[in-house]
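Undergrad:
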Amino acid sequence: MARIKKLSHDETAYICEQLSLIINAGIPLSEGAEMIAQSAGDNTVTNVAKALQSQINDGKTLFEAMESSGAFPQYAVNMVRIGTLSGRLDDVLKGLASYYEDLADRLRNMRSAILHPFILIAMMTAVMIVLIVQVIPMFSEIFGQFDSSIGTVVKASVDYAYSTGTVILIVLVSVLAVSAVIALLSRIPKVRNGLSAFAAKFILTRKAASYFSQAKFASAMSMMVSSGIEASEALENAMLLITDKSMLSRMEKCRNQVIEGEPFADALNDAKLLPPIYSRSLKMAYKSGAFDDAWKKISDKCTDEANATSENLVSFIEPVLIAVMAVMIGAILLTVMLPMMDIMSVLG
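Just so you know, this note's numbering puts 163 at position 176 of the sequence shown, and the rest follows in order with no gaps.
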């Protein structure tokens, strides 16, 4: 079967939510997939729904149909397989819809955080182009009309201003070009994972990357636990989502301790997967029977922390870039104005 375009997080959430409603209403999955195809205004969703309907009519289960389409994230396929085998498919699909909605929101926040500095750099580039193409040549023409003795005095200053502006412009254009290439290559899973690994180590993004990994982990755990999946099994499934090697190492340590019989909350605390206060909350939740609610609250708090960290990073980067832009433009203009001072000294 021909592969279909990969679903976005929002599209995955939409299909999972619709399938959950269909199952809850007692409608056969084949008919439900047809209904989704007819009502969807998005071509990708329509094609995926038709593919699911065709596969289900051929006798395949939902997770087999999802896997055959090639449009769903592997994590979603694995979760639907678990939900099918455990008899809690409705709960799993509902949880997946919530999980991918949250993930889409976090990615939008990240893109917004990256876009603002990118726009500032583009503005800096535009200003430098105007200075080099219009302003400096204009001064050069003006100075050229003076006496040759004066022109000799100011020529060095004009040339220096032009050379400095050109170098700065080349740097800015290179930054924009590299950023655009990275944005395009980030659509490739291997490149995206590599960028995530770099962000997890880079000093300016390390803290934000850690918070986003924690938010992704907590959100996945909340979704799976609320779907009736045992915490140890949920932990193993969550490892499919995390690309941060440090986080994966801690998750592996936690999993091994759970296998050896240590209580989940204690293993979670020993592995430092989450802040200690959250581990203590989970330990109390185990005793009170509110484990699902505890994970939901932790997931929400981790998401808020991740979003707040990215916003703080942007609030730091933006004024720095504005200050750099002001210094560069001021330096270029000052360099251009120096010939005027030279002229005044010569004429004086």
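Beta carbons are placed, not taken as given, at the ideal position from N, Cα and C, and that holds for glycine.
Should ALA295 go down as buried or exposed, given a rule of 16 or more other Cβ atoms within 10 Å for buried?
TA: By 1-based counting over the sequence shown, the position of residue 295 is 308. By the 10 Å Cβ count, ALA295 comes out exposed.
Undergrad: Per the contact definition of three or more C-beta pairs closer than 8 Å, is the stretch 248 to 263 in contact with the stretch 160 to 175?
TA: Flag = no, the stretch 160 to 175 and the stretch 248 to 263 do not touch.
Undergrad: If you reduce the DSSP assignment to three classes, tell me which class ALA12 lands in.
TA: Numbered from 1 along the sequence shown, position 25 holds the residue referred to as residue 12. It is coil, neither helix nor strand.
Undergrad: When we look at the beta-carbon of PHE189 and count the other beta-carbons within 10 Å, is it buried (16 or more) or exposed?
TA: On the sequence shown, residue 189 is found 202 positions in, with the first residue counted as 1. Burial call: exposed.
Undergrad: Let me confirm a value: VAL35 is counted as buried when at least 16 other C-beta atoms fall within 10 Å, else exposed. Which label applies?
TA: Reading the sequence shown from its first residue, position 48 is the one you call residue 35. The residue in question, VAL35, is buried, as its Cβ has 16 or more Cβ neighbours within 10 Å.
Undergrad: For the ligand PLP, is there any heavy atom lying closer than 7 Å to the beta carbon of GLN42?
TA: Absence of the ligand PLP from the depicted structure is noted, as is the absence of any ligand whatsoever, leaving it without description.
Undergrad: Please classify GLU217 as buried or exposed, where buried requires at least 16 other C-beta atoms within 10 Å of its C-beta.
TA: Here residue 217 corresponds to residue number 230 of the sequence shown, with the count starting at 1. Looking at its Cβ environment, which holds fewer than 16 other Cβ atoms inside 10 Å, GLU217 is exposed.
Undergrad: So, ALA186 versus ALA202, is the Cβ gap smaller than 8 Å?
TA: One-based indexing of the sequence shown puts residue 186 at position 199. One-based indexing of the sequence shown puts residue 202 at position 215. Cβ distance not < 8 Å, so ALA186 and ALA202 don't count as in contact.
Undergrad: On the premise that ASP78 lies in contact with SER214, defined as a C-beta separation below 8 Å, what is that separation, rounded to the nearest angstrom?
TA: For the purposes of this step, residue 214 is taken as the residue at position 227 of the sequence shown. For the purposes of this step, residue 78 is taken as the residue at position 91 of the sequence shown. Correct: roughly 4 Å between the Cβ atoms.
Undergrad: Quick check: what's the CA-CA separation for GLN25 versus ILE(-9)?
TA: As a first step, residue 25 must be located in the sequence shown, where it is residue number 38. As a first step, residue -9 must be located in the sequence shown, where it is residue number 4. Answer to the nearest angstrom: the Cα atoms are 18 Å apart.
Undergrad: Can the beta-carbon of ILE106 be found less than 8 Å from the beta-carbon of VAL162?
TA: As a first step, residue 106 must be located in the sequence shown, where it is residue number 119. As a first step, residue 162 must be located in the sequence shown, where it is residue number 175. Contact flag unset, no.
Undergrad: In the DSSP assignment, find the unbroken alpha helix (DSSP H) run with MET226 in it and report its ends.
TA: Against the sequence shown, residue 226 aligns to sequence position 239. Looking at the DSSP string, MET226 is not in any alpha helix (DSSP H), and its letter there is neither H nor E.
Undergrad: Using only the alpha-carbon positions, how far apart do GLY19 and LEU6 sit?
TA: Numbered from its first residue, the sequence shown carries residue 19 at position 32. Numbered from its first residue, the sequence shown carries residue 6 at position 19. Near 7 Å, if we compare the C-alpha coordinates of LEU6 and GLY19.
Undergrad: Using a Cβ-Cβ cutoff of less than 6 Å, which residues in the same chain neighbour ALA(-11) once the five nearest sequence positions on both sides are dropped?
TA: The residue given as residue -11 occupies position 2 in the sequence shown. Note on ALA(-11): pLDDT 47, under 50, position unreliable in the model; the coordinate value appears next. Hits under 6 Å: none found.
Undergrad: Assuming LEU228 and TYR87 are in contact, meaning their beta carbons sit under 8 Å apart, how far apart are those beta carbons, in whole angstroms?
TA: In the sequence shown, the residue the question calls residue 228 occupies position 241. In the sequence shown, the residue the question calls residue 87 occupies position 100. Contact flag wrong, Cβ pair sits at about 11 Å.
Undergrad: So, at 7 Å on beta carbons, what are the nonlocal neighbours of LEU8 in its own chain, with the 5 sequence-adjacent residues on each side left out?
TA: Walking along the sequence shown from the start, residue 8 turns up at place 21. So no residue of the chain qualifies.
Undergrad: According to the Cβ coordinates, are ALA205 and SER85 closer than 8 Å?
TA: By one-based count along the sequence shown, residue 205 stands at place 218. By one-based count along the sequence shown, residue 85 stands at place 98. No.
Undergrad: Considering only their Cβ atoms, is the gap separating TRP282 from MET208 smaller than 8 Å?
TA: Locating residue 208 in the sequence shown gives position 221, where the first residue counts as 1. Locating residue 282 in the sequence shown gives position 295, where the first residue counts as 1. In contact: MET208 and TRP282 (Cβ atoms closer than 8 Å).
Undergrad: How about LEU83 and HIS(-4): do their beta carbons lie closer than 8 Å?
TA: Start at 1 with the first residue of the sequence shown, and residue 83 comes out as number 96. Start at 1 with the first residue of the sequence shown, and residue -4 comes out as number 9. Cβ distance not < 8 Å, so LEU83 and HIS(-4) don't count as in contact.
Undergrad: Please look up how many angstroms separate the CB atoms of ARG237 and LYS259, rounded, as I've assumed it's under 8 Å.
TA: Taking the first residue of the sequence shown as position 1, residue 237 is located at position 250. Taking the first residue of the sequence shown as position 1, residue 259 is located at position 272. Indeed, because the Cβ distance is near 6 Å, the residues count as touching under 8 Å.
Undergrad: Looking at VAL32 and LEU49, is the spacing between their C-beta atoms short of 8 Å?
TA: Looking up residue 49 in the sequence shown gives position 62. Looking up residue 32 in the sequence shown gives position 45. No, the Cβ-Cβ distance between LEU49 and VAL32 is not below 8 Å.
Undergrad: Hey, how far is the Cα of LEU321 from the Cα of VAL314?
TA: Start at 1 with the first residue of the sequence shown, and residue 321 comes out as number 334. Start at 1 with the first residue of the sequence shown, and residue 314 comes out as number 327. Straight-line Cα distance between these residues: approximately 10 Å.
Undergrad: Rounding to the nearest angstrom, what Cα-Cα distance links VAL307 and GLN42 in this structure?
TA: To locate residue 307, count along the sequence shown from 1; it is residue 320. To locate residue 42, count along the sequence shown from 1; it is residue 55. Approximately 54 Å, taken between the alpha carbons.
Undergrad: With a threshold of 7 Å on Cβ separation, who are the neighbours of LYS177 within its own chain once the five nearest residues in sequence on each side are excluded?
TA: Numbered from its first residue, the sequence shown carries residue 177 at position 190. Same-chain partners within the cutoff: there are none.
Undergrad: Please name the residue, chosen from ASP231, SER233, SER219, that lies closest to PRO250 on a Cα-to-Cα basis.
TA: By one-based count along the sequence shown, residue 250 stands at place 263. Minimum Cα distance to PRO250 is reached at SER219.
Undergrad: Just list the alpha helix (DSSP H) runs in the stretch 182 to 251, keeping only unbroken ones of 4 residues or longer that don't cross its boundaries, in chain order.
TA: List check, alpha helix (DSSP H) in window: 193 to 213, 218 to 225, 232 to 246.
Undergrad: Contact defined as beta carbons within less than 8 Å: I believe GLN40 pairs with SER17. What is the distance between those atoms, to the nearest angstrom?
TA: Here residue 40 corresponds to residue number 53 of the sequence shown, with the count starting at 1. Here residue 17 corresponds to residue number 30 of the sequence shown, with the count starting at 1. So it is a contact: roughly 6 Å between Cβ atoms.
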